[in-house]
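Under my numbering, the very last position in the sequence shown is 459; numbers go up by exactly one each time. Even for Gly, the Cβ is constructed at its ideal location relative to N, Cα and C. These notes concern the structure reproduced below.
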Amino acid sequence: MLGPHACAGLGIIILATVGASSIQAAASMSIISERSRYKGWNSHKLANEFVGIEVVPEIGGRVIQYRLGNRELFWVNPQLAGKIPPASGLGPRGEWLNYGGDKLWPAPQGWVNEDQWPGPPDAILDGSPHVLEIPEARPGEVAVRLTSKPDPRTGVQFSRTVRLQAGITRVVIDATMKNISHKPRRWGIWTVTQIDGARADGRGFNPEINAYCPINPKSRYVEGYQVLFGATNNPTFQTLGDRCLFQLKYQYQVGKVALDSHAGWSATVDGSDGAVFVQRFRWEPKKEYPDGASVEFWSSGLGKIHAYGQEMEMSKDPRETPYLIECELLSPFASLQPGEQYEWRYEWCASNLGGNYPVVDCNDEAVIAEPLRARIIENQVRVTTQLGVLREGWLRVCFLDKRQHLMPGKTRKKVTPFEGVGLDAKETLPPNAEEVALLLENDRGEVIAELARRKILRR
1 MLGPHACAGL
11 GIIILATVGA
21 SSIQAAASMS
31 IISERSRYKG
41 WNSHKLANEF
51 VGIEVVPEIG
61 GRVIQYRLGN
71 RELFWVNPQL
81 AGKIPPASGL
91 GPRGEWLNYG
101 GDKLWPAPQG
111 WVNEDQWPGP
121 PDAILDGSPH
131 VLEIPEARPG
141 EVAVRLTSKP
151 DPRTGVQFSR
161 TVRLQAGITR
171 VVIDATMKNI
181 SHKPRRWGIW
191 TVTQIDGARA
201 DGRGFNPEIN
211 AYCPINPKSR
221 YVEGYQVLFG
231 ATNNPTFQTL
241 GDRCLFQLKY
251 QYQVGKVALD
261 SHAGWSATVD
271 GSDGAVFVQR
281 FRWEPKKEYP
291 DGASVEFWSS
301 GLGKIHAYGQ
311 EMEMSKDPRE
321 TPYLIECELL
331 SPFASLQPGE
341 QYEWRYEWCA
351 SNLGGNYPVV
361 DCNDEAVIAE
371 PLRARIIENQ
381 VRVTTQLGVL
391 REGWLRVCFL
401 DKRQHLMPGK
411 TRKKVTPFEG
421 VGLDAKETLP
431 PNAEEVALLL
441 ENDRGEVIAE
451 LARRKILRR
């Protein structure tokens with residue numbers, strides 16, 4: 001977990017219970033690490049009862065798929081499915097082999113000097129096989145480690161350890177960038193995740209794909225974000241809530257934006273079925289970021305961009321301009337002497353929101369579409385929210401007084417990451433109640449997590 005800087009505002013109740021019971025429960029839950037086959041590739045699968053990932057080391061060390069149940073979230077290029085790169089790491093005309101999924105690149109991207117990465121393509125970091133190892137893992141956890149070849153152009157070598165625990169949809173990735181050259185190097189780590197933007201029936205793009213990211217109130221950008229590629233008036237890019245939340249509304253128009261987001265998360269929602277994919281990271285405000293950004297989004301589609309030192313018009317053929325968006329995180333710059341390395345952690349999680357909702361917040365246990373609210377109506381309090389959970393359990397409405405004494409309410413309902421959680425409950429207001437909290441309990445009624453908390457509004 002990323003800690004308080006990644007999601008402020010939640011105080012976990014009964015920390016000892018959460019820490020002890022969840023670890024003990026993990027050991028008895030289903031979790032696997034095994035060799036697999038995925039779309040014709042030799043892969044390695046990590047899976048628990050809720051999510052699974054497919055890792056293909058031969059295609060640039062990609063995590064090619066992340067699924068919630070049977071719902072696949074990542075885009076995979078059907079033209080390259082099952083194919084491995086040639087020894088050159090490039091296509092027959094020297095082109096990029098865009099397999100899909102998720103990968104690591106160095107940042108910043110550019111074509112001006114040697115301090116910028118001019119890919120893709122990149123024959124080594126993106127196009128060459130990675131070494132897969134099985135590192136030692138804690139009980140109730142499985143992991144794989146991927147290591148790239150050393151790249152003389154950038155002077156770095158990437159590795160990352162991907163970890164999955166039992167009983168929760170969270171995936172933790174520890175990325176490492178090592179200077180393998182004989183001179184100082186300065187790069188950021190850039191993780192690029194391609195989300196499927198096609199309709200479920202394959203007929204065109206999905207207009208219900210939306211991405212969200214909080215806007216930094218002290219942003220260096222006038223609009224809270226900056227257009228890097230494509231038209232500056234691209235309607236794909238919008239702001240919501242008095243310009244506190246950025247929204248990418250997929251319209252198959254090409255463009256890219258950068259955000260110096262401080263909140264530590266970005267999320268993508270498919271409104272057609274409520275599936276949500278979240279990336280989380282730690283914002284480090286005193287450090288410099290590539291492009292000045294912690295989060296970037298790419299919208300694949302029609303239109304023109306200036307890249308690779310030239311004006312480019314995107315092909316109207318979906319095989320060349322596929323239906324997808326890219327959700328990208330960037331680490332701060334790391335200045336490395338020869339032999340030094342830099343480590344950076346980020347996370348994924350998945351859930352279902354129950355419909356076409358925005359994401360307004362997230363934490364270690366939930367993705368929030370509608371904030372928790374508690375309003376007093378006569379002698380009762382109405383408690384409402386819409387969210388997705390990361391683990392299974394029983395949602396319990398509870399109240400707290402000024403001394404944080406816990407008073408359970410009557411509302412208790414089964415929840416799962418596969419279904420959105422809509423709550424609209426009326427409770428008798430306990431005397432001296434100051435706050436309402438949503439807790440997650442196991443089958444024995446033991447508290448395993450806190451989902452949300454809010455002050456009670458009194459008229």
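Anticipated Cβ contact below 8 Å, residue i with residue j, distance rounded
i	j	result
Ser159	Gly60	In fact, because the Cβ distance is near 13 Å, the residues do not count as touching under 8 Å.
Val278	Trp265	6 Å
Beta-carbon spacing of residue i, residue j below 7 Å
i	j	result
Gly167	Gly274	no
Arg382	Lys413	no
Arg458	Ile376	yes
Glu343	Thr191	no
Pro358	Ala107	no
Ile31	Asn42	no
Trp394	Glu347	no
Asn210	Ala198	no
Arg345	Asp102	no
Leu324	Trp75	yes
Gly388	Val397	no
Ala307	Leu330	no
Leu451	Ala350	no
Same chain only: Cβ atoms within 6 Å of residue i, ignoring 5 sequence neighbours per side
i	result
Arg186	Phe333 and Ser335
Leu125	Ser148 and Asp151
Ser22	Interpretation of Ser22 is limited by its pLDDT of 32, a score under 50 that renders its predicted location unreliable; the figure taken from the coordinates is listed afterwards. Once the five neighbours on either side are set aside, the close Cβ partners of Ser22 are Ile448.
Glu296	Ala258 and Glu328
Ser36	Ser43 and Lys45
Arg391	Gly167 and Ile168
Glu58	Ile84 and Pro129
For residue i, the first and last residue of its enclosing beta strand (DSSP E)
i	result
Glu326	Leu324 to Leu330
Lys486	Look at the range of the chain in this structure, 1 to 459, and you will see that residue 486 is not part of it.
Gln310	Gln310 to Glu313
Asp174	Val171 to Asn179
Asp196	Arg185 to Asp196
His182	Here His182 belongs to no beta strand (DSSP E), and DSSP marks it neither H nor E.
His306	Lys304 to Ala307
Glu133	Val131 to Glu133
Lys426	Val421 to Thr428
Gln165	Val156 to Gln165
Proximity test, Cβ basis, 7 Å: residue i and chain B
i	result
His182	Checking the listed chains, one finds no chain B in this structure; it contains a single protein chain.
Other residues of its chain near residue i: CB distance less than 8 Å, five sequence neighbours each side excluded
i	result
Gln79	Arg319
Ala27	Summary for Ala27: the model assigns pLDDT 36, below 50, so the residue's position carries little reliability; its value from the coordinates is reported in the next sentence. Closer than 8 Å at Cβ, skipping near neighbours: Pro139, Gly140 and Ala166.
Ile215	Gly224, Tyr225, Thr239, Arg243, Cys244, Leu245, Phe246, Leu259 and Ser261
Thr154	Pro106, Trp117, Leu125, Arg185 and Trp187
Cβ-based neighbour list, residue i, same chain, cut-off 7 Å, excluding 5 preceding and 5 following
i	result
Glu208	Asp270, Gly271, Ser272 and Asn356
Strand pairing of residue i, partner residues [DSSP]
i	result
Gly140	Its beta-bridge partners do not exist; DSSP assigns none.
Leu68	Val51 and Arg71
Phe277	Thr268 and Ala350
Arg454	Val436
Lys413	Leu395
Ala366	Val389
Tyr212	Gln247 and Ala267
Pro106	Ile189
Ile31	Asn48
Pro408	Cys398
Tyr342	Met177
Gln238	Gln247
Val227	Val257
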